[in-house]
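Trainee:
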Amino acid sequence: MKQMMGAKRGLAALALMLALPGSALGESVFAGEVTASDIHVIAAPYGGMVEQVSVRAGDSVNIGDPIAVVETTKTYAQTDGTISGVFASEGDSAEGIKERYGALVYIEPINRYTLSCSTDKAYNSSENRYIHIGETVYLSCTKDGSHQGRGIVTSIDAEDEQKYTVEVTGGEFYMGETVNVYRDRAYAKESLIGRGTVGRTKPVAVNGEGSVLRMHVRAGDLVERGELLFETVTGTLDGLYAPDTQVVSDVKGVVATVDGSNGTAVEKGAKIATIYPEDKLQVKMVISEADLLDLQVGDEVEIEFNWDPRSGKRFDGTISSISYLSEKEEEGASSAGAQYVAYVDFTPDETVRIGMKVVVYVQ
């Protein structure tokens, strides 16, 4: 009989313990949510046009993952020729180089000769007095006709229409040599439209604006018309350092916002995206003023995720801060029981996402 009564008293005590709140058993339970304590800005390294955005809000990124591409201003060769001078280097101010050297790059055209011509010695006909830009002409030296070639009219003097310039596109001549200019490839005298003196074709000066990001040629290179020479961007480059056109993430975390979109112009330092760093994730939990006596900064806790309660997996954490300002006061409302915010630091794994609901156990 005594044993039966003792057993009944034990069951009653166990039932009482189970009925007691968690705090009576030495453990308090709080609801929480995963949030981020900091946000990292991915900024444009220079000014330009956003050409491509590679991420969306909510994406997980690692260090080095592409975020966006900022387009550059590309400058191409205007003529076939040889690069005779490269005065710009990556990171330089294009305006500064132009002021000092006259151009970033010079090209010596493949057509080495230019004729300064006049219609003074043209065959006496009204038609031969009118020269047309772009027309093909045929050339023969006045001495004995042994040097022959062809050319194209490239300009007419604005002040004197009887003077014009021919760029030699074929044939060999001596510098300073006098050459007859014909419209007829058979050099018929009736097609003579004047004479010219052989001179050197001036190098073509190539310039740009902003800062030089990439140089694609070196002195001595042979280039064709339309070939890429260099790329420039707006703004200055820090320490004359030329970054890549592809902007990458320098932290591991979750994309919070994407602030740049395809086709939008950005200035240097403009925000392209923001990222919640992985090492800055926290658990935010709201506590009552009655709980302030039981919680302290530095207390160790355990975190269990609502989506996975059956696994028994818990993360270790530490209370890193407790606010001194009531949530109700911030909202301008009054309440008999004020509430405060506590933050818990922990080390997340790949399953943790911002906004997840958790249960925090405080011993």
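Per my numbering, the sequence shown runs over residues 249 to 611.
Each residue gets a CB set at the ideal place from its N, CA and C atoms; glycine is no exception.
It should be emphasised that the depicted structure is a prediction, and the values quoted were computed from it without experimental measurement.
1) Exposed or buried, T367, counting other C-beta atoms within 10 Å across all chains shown (16 or more means buried)?
2) Examine the Cβ distances between the region 339-358 and the region 321-328 and report whether three or more of them are shorter than 8 Å.
3) Please return the same chain residues whose Cβ sits closer than 7 Å to the Cβ of F594, not counting the five positions on each side in sequence.
4) Do the CB positions of E281 and G501 come within less than 8 Å of each other?
5) For the ligand GTP, any of its heavy atoms closer than 7 Å to the Cβ of A336?
6) Would you tell me roughly how many angstroms separate the C-alpha atoms of V385 and V471, rounded to the nearest one?
7) Where does D408 fall in DSSP's three states?
8) Along the chain, where does the beta strand (DSSP E) containing K346 start, and where does it finish?
9) In the DSSP assignment, what are the bridge partners of Y361?
10) So, for V506: in the same chain, excluding its five sequence neighbours on each side, which residues have a beta-carbon less than 7 Å away from its beta-carbon?
11) Closest to I441 by C-alpha separation, out of S459, V427, I287, P451, would be which residue?
12) For R431, is the classification buried or exposed, using 16 other Cβ atoms within 10 angstroms of its Cβ as the cut-off for buried?
13) Are the region 357-372 and the region 403-414 in contact at 8 Å, needing three or more beta carbon pairs?
14) Buried or exposed for D498, please, with buried defined as at least 16 other CB atoms from any protein chain shown within 10 angstroms of its CB.
15) Within the region 484-524, note down every full beta strand (DSSP E) run reaching 3 residues or more, in order along the chain.
16) Could you tell me the alpha carbon to alpha carbon distance between I404 and D392, rounded to whole angstroms?
17) Ignore the nearest five residues each way along the sequence and tell me which others in T599's own chain have a CB closer than 7 Å to its CB.
18) Who are the near neighbours of P314 in its chain, counting only those whose CB is closer than 6 Å to its CB and skipping five residues on each side?
19) Taking only the alpha-carbon atoms, compute the straight-line gap between E420 and T482 and give it to the nearest angstrom.
20) Our contact map puts V318 next to V298 with C-beta atoms below 8 Å; I'd like the distance itself, whole angstroms only.
21) Can you find the residues in the same chain that come closer than 6 Å, C-beta to C-beta, to E578, ignoring five residues on each side of it along the sequence?
22) For my contact list, D503 and V309 are in at a C-beta cut-off of 8 Å; report their separation, rounded to the angstrom.
23) Check each candidate in I331, V592, D307 and name the one with the smallest Cα separation from E475.
24) Between G508, A292, D286, which lies nearest to D486 when the distance is taken from Cα to Cα?
25) Strictly by DSSP, which residues pair up with R462?
26) Identify which residue in Q396, N359, V401 has its Cα closest to the Cα of T378.
27) Could you give the first and the last residue of the continuous beta strand (DSSP E) run that contains I331?
28) List the endpoints of the continuous beta strand (DSSP E) containing G296.
29) CB-CB under 8 Å to P596, same chain, minus the five flanking residues each way: which ones, in chain order?
30) With contact counted as at least three CB pairs below 8 Å, one residue from each stretch, are the region 537-549 and the region 508-521 in contact?
Mentor: By the coordinates alone:
1) It is buried - the Cβ of T367 has at least 16 other Cβ atoms within 10 Å.
2) Contact between the region 339-358 and the region 321-328 is present, because at least three Cβ pairs lie under 8 Å.
3) Scanning its chain for C-beta atoms nearer than 7 Å, with the 5 sequence neighbours on each side dropped, one finds around F594 the residues V531, I551, F563, D564, G565, in chain order.
4) Their beta carbons are not under 8 Å apart, which means E281 does not touch G501 by this criterion.
5) Absence of the ligand GTP from the depicted structure is noted, as is the absence of any ligand whatsoever, leaving it without description.
6) Take the alpha-carbon of V385 and the one of V471: they are about 26 Å apart.
7) The answer is coil: DSSP assigns D408 none of H, G, I, E or B.
8) Where K346 is concerned, there is no enclosing beta strand (DSSP E), although the alpha helix (DSSP H) it sits in stretches over 342-349.
9) In the DSSP output, where bridge partners are listed per residue, Y361 has R448.
10) The residues are V301, V303, R304, A305, A521.
11) Checking every option, the nearest Cα to that of I441 belongs to V427.
12) Its Cβ being crowded by 16 or more others within 10 Å, R431 is buried.
13) A contact exists between the region 357-372 and the region 403-414.
14) D498 comes out exposed.
15) Considered as a whole, the region 484-524 harbours 494-496, 501-506 as its complete beta strand (DSSP E) runs of no fewer than 3 residues, in chain order.
16) Rounded to whole angstroms, I404 to D392 spans 28 Å at the Cα level.
17) Listed in chain order, the non-local C-beta contacts of T599 below 7 Å within the same chain number zero, local neighbours out to five positions each way being set aside.
18) The beta carbon of P314 is closer than 6 Å to those of S302, Q494, V496 in its chain, skipping five residues each way along the sequence.
19) So the alpha carbons of these two residues sit roughly 44 Å apart.
20) About 6 Å separates the two Cβ atoms, so the contact holds.
21) Reliability fails at E578, whose pLDDT of 47 lies under 50, so the model's placement of it is uncertain and no value is given.
22) Looking at the sequence shown, residue 503 is not Asp but Val. With a beta-carbon spacing of about 6 Å, V503 and V309 fall inside the 8 Å limit used to define contacts.
23) For E475, the nearest C-alpha among the options comes from I331.
24) It is A292 whose Cα lies nearest to the Cα of D486.
25) DSSP, once it has assigned bridges, lists E479 as partnering R462.
26) Correcting the residue type first, residue 378 is Tyr in the shown sequence and not Thr. Nearest in C-alpha terms to Y378, of all of Q396, N359, V401, is V401.
27) From DSSP, the beta strand (DSSP E) with I331 extends over 329-334.
28) It spans 296-301 - the beta strand (DSSP E) in which G296 sits, taken as one unbroken run.
29) Only V282, E526, L529, F563 meet the Cβ criterion.
30) Here the region 537-549 does not lie against the region 508-521, with fewer than 3 beta-carbon pairs under 8 Å apart.
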